[in-house]
Amino acid sequence: MTALSLRDIRMTFPDGTRAINGVDLSIERGEFVTIVGPSGCGKSTLLRIISGLQQPTSGSCNVDSKNIGYVFQDSVLLPWRNVQKNVELNAELQGIPKELRRESAQKAIGLVKLNDHVTKFPHQLSGGMKMRCSLARSLVSQPQVFLFDEPFGALDEMTREHLNDELLNIFLQEKFAGLFITHSIQEAVFLSTRIIVMSSQPGRFISEHKIDFPFPRVPDIRYSAEFAELCGRISHDLKLAHA
Ligand SMILES: Nc1ncnc2c1ncn2[C@@H]1O[C@H](COP(=O)(O)OP(=O)(O)OP(=O)(O)O)[C@@H](O)[C@H]1O
Ligand SMILES: [Mg+2]
Numbered sequence: 001m002t003a004l005s006l007r008d009i010r011m012t013f014p015d016g017t018r019a020i021n022g023v024d025l026s027i028e029r030g031e032f033v034t035i036v037g038p039s040g041c042g043k044s045t046l047l048r049i050i051s052g053l054q055q056p057t058s059g060s061c062n063v064d065s066k067n068i069g070y071v072f073q074d075s076v077l078l079p080w081r082n083v084q085k086n087v088e089l090n091a092e093l094q095g096i097p098k099e100l101r102r103e104s105a106q107k108a109i110g111l112v113k114l115n116d117h118v119t120k121f122p123h124q125l126s127g128g129m130k131m132r133c134s135l136a137r138s139l140v141s142q143p144q145v146f147l148f149d150e151p152f153g154a155l156d157e158m159t160r161e162h163l164n165d166e167l168l169n170i171f172l173q174e175k176f177a178g179l180f181i182t183h184s185i186q187e188a189v190f191l192s193t194r195i196i197v198m199s200s201q202p203g204r205f206i207s208e209h210k211i212d213f214p215f216p217r218v219p220d221i222r223y224s225a226e227f228a229e230l231c232g233r234i235s236h237d238l239k240l241a242h243a
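Residue numbers (the working numbering): 1 to 243.
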């Protein structure tokens, strides 16, 4: 079942900046698609269009669910709420009854392994823990379409790899349609079922790579020759994208 479908999306901002130049994309549930591309090529703009935060200049965007998860590069937690209360936030805004939202928040907190930190406030958390908390907050509404805008970009490599392993486990359990953005080719290859390379501004898709590693993926696939070869091919296309 197609969870997300874009047809000829174009975006020109009022100041004349042409950000996106005709993008077509379909994602099914159970697919994890990652977009890589040069800075300023329109990746975040595309996610904003999909989430409904931005109207495209032309083209159609169909999302087969009102439940869209959106995780930003910054964890955007409320400093005066502890982990439990931050995770409950979206559910609270949706008017979900207290008991129900507490239950679903606890499940999400378990998925991101923050059980031992529920009473801590954001300033008491590490960068990785803040991102886990942000992820849990989006998981509460059980999104069928999950958008990620460079969520682990600010983290050190070990923490990022650890969170990648956990995100894949969550993906396997929840089976959402994932659309992920990163500047890390390794992260893209490890997580994705498909990688799309986007050209520099105005952005359009220039190549697509199917990633066939079976699930569940063990962390050690990162050291295989096949993994290195895929990274090499995508890196090559990214150089063309910068041209
Ligand atoms: N509100 C706006 N008005 C005018 N131009 C904008 C606006 N928002 C974004 N842009 C421009 O659109 C282009 C795409 O921006 P976008 O943020 O989507 O890039 P990106 O691919 O996410 O880059 P990065 O990898 O650095 O996050 C850029 O040239 C940017 O300056
Ligand atoms: Mg961006």
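Every residue gets a Cβ at the ideal spot worked out from N, C-alpha and C, and that includes glycine.
Looking only at DSSP bridge pairs, what is LYS210 linked to? Mapped onto the sequence shown, residue 210 falls at position 210. DSSP lists ARG194 as partners of LYS210.
Between MET198, ALA228 and SER224, which has its C-alpha nearest PRO38's C-alpha? Taking the sequence shown and counting its residues from 1, one reaches residue 38 at position 38. Considering only MET198, ALA228 and SER224, the residue with the shortest C-alpha distance to PRO38 is MET198.
Give the secondary structure of ALA225 by DSSP, where H, G and I count as helix, E and B as strand, and everything else as coil. For the purposes of this step, residue 225 is identified with residue 225 of the sequence shown, where counting begins at 1. Reduced to three states, the DSSP call for ALA225 is helix.
Count the other CB atoms within 10 Å of the CB of GLN124; is the residue buried (16 or more) or exposed (fewer)? Start at 1 with the first residue of the sequence shown, and residue 124 comes out as number 124. GLN124 counts as exposed, since fewer than 16 other C-beta atoms from the protein chains shown sit within 10 angstroms of its C-beta.
Along the chain, where does the beta strand (DSSP E) that runs through VAL87 open and close? The sequence position of residue 87 within the sequence shown is 87, counting from 1. Counting along the chain, VAL87 falls outside any beta strand (DSSP E), though it belongs to the alpha helix (DSSP H) covering 83-93.
Return yes when the Cβ of MET131 is within less than 8 Å of the Cβ of LEU100, no when it is not. Taking the first residue of the sequence shown as 1, we reach residue 100 at position 100. Taking the first residue of the sequence shown as 1, we reach residue 131 at position 131. Their beta carbons are not under 8 Å apart, which means LEU100 does not touch MET131 by this criterion.
Which whole-angstrom value describes the C-beta separation of VAL145 and ALA243, a residue pair presumed to lie in contact below a C-beta threshold of 8 Å? Here residue 145 refers to the residue found at position 145 of the sequence shown. Here residue 243 refers to the residue found at position 243 of the sequence shown. With a Cβ gap of about 32 Å, VAL145 and ALA243 do not count as contacting.
Which residues end up in the neighbourhood of ligand 2 when you take C-beta atoms closer than 7 Å to any of its heavy atoms? LYS43, SER44, ASP149, GLU150 and ILE181
Cut-off 6 Å between Cβ atoms - residues of its own chain near ARG18, not counting five sequence neighbours on either side: Position 18 of the sequence shown holds residue 18. Result list for ARG18: THR12 and PRO202, in chain order.
Determine, using beta carbons only, whether ILE20 and ALA177 come nearer to each other than 8 Å. As a first step, residue 20 must be located in the sequence shown, where it is residue number 20. As a first step, residue 177 must be located in the sequence shown, where it is residue number 177. It is not a contact, given that the beta carbons lie outside the stated cut-off.
Could you tell me if the beta carbon of PHE13 falls within a distance shorter than 7 Å of some heavy atom in ligand 1? Translated into the one-based positions of the sequence shown, residue 13 becomes position 13. Yes, the beta carbon of PHE13 sits closer than 7 Å to at least one heavy atom of ligand 1.
According to DSSP, which residues form a beta bridge with ASN164? Counted from its first residue, the sequence shown places residue 164 at position 164. Answer is none; ASN164 lacks a bridge partner.
Evaluate the contact criterion for the segment 43-51 versus the segment 74-86: three or more CB pairs, one atom per stretch, below 8 Å. no
Out of curiosity, what's the CA-to-CA distance linking ASP74 and GLN142? Residue mapping note: residue 74 aligns to position 74 of the sequence shown, counting from 1. Residue mapping note: residue 142 aligns to position 142 of the sequence shown, counting from 1. The C-alpha of ASP74 lies about 21 Å from the C-alpha of GLN142.
What's the C-alpha gap between LEU167 and LEU179? For the purposes of this step, residue 167 is identified with residue 167 of the sequence shown, where counting begins at 1. For the purposes of this step, residue 179 is identified with residue 179 of the sequence shown, where counting begins at 1. If I take the Cα positions, the gap works out to 13 Å.
Between the C-alpha atoms of CYS133 and ILE181, what's the straight-line distance to the nearest angstrom? As a first step, residue 133 must be located in the sequence shown, where it is residue number 133. As a first step, residue 181 must be located in the sequence shown, where it is residue number 181. Inter-residue distance for CYS133 and ILE181 is about 19 Å (C-alpha atoms, whole angstroms).
Following the continuous alpha helix (DSSP H) through ARG132, name the residue where it begins and the one where it ends. Locating residue 132 in the sequence shown gives position 132, where the first residue counts as 1. First-last of the alpha helix (DSSP H) with ARG132: 127-139.
Is GLN201 near ligand 1, judged by its Cβ being under 7 Å from some heavy atom? By one-based count along the sequence shown, residue 201 stands at place 201. Checking the Cβ of GLN201 against ligand 1 gives yes.
Looking at THR17 and ligand 1, is the gap between the Cβ and the nearest heavy atom below 7 Å? The residue you call residue 17 lines up with position 17 of the sequence shown. Yes; taking the cut-off as 7 Å, the Cβ of THR17 has a heavy atom of ligand 1 nearer than that.
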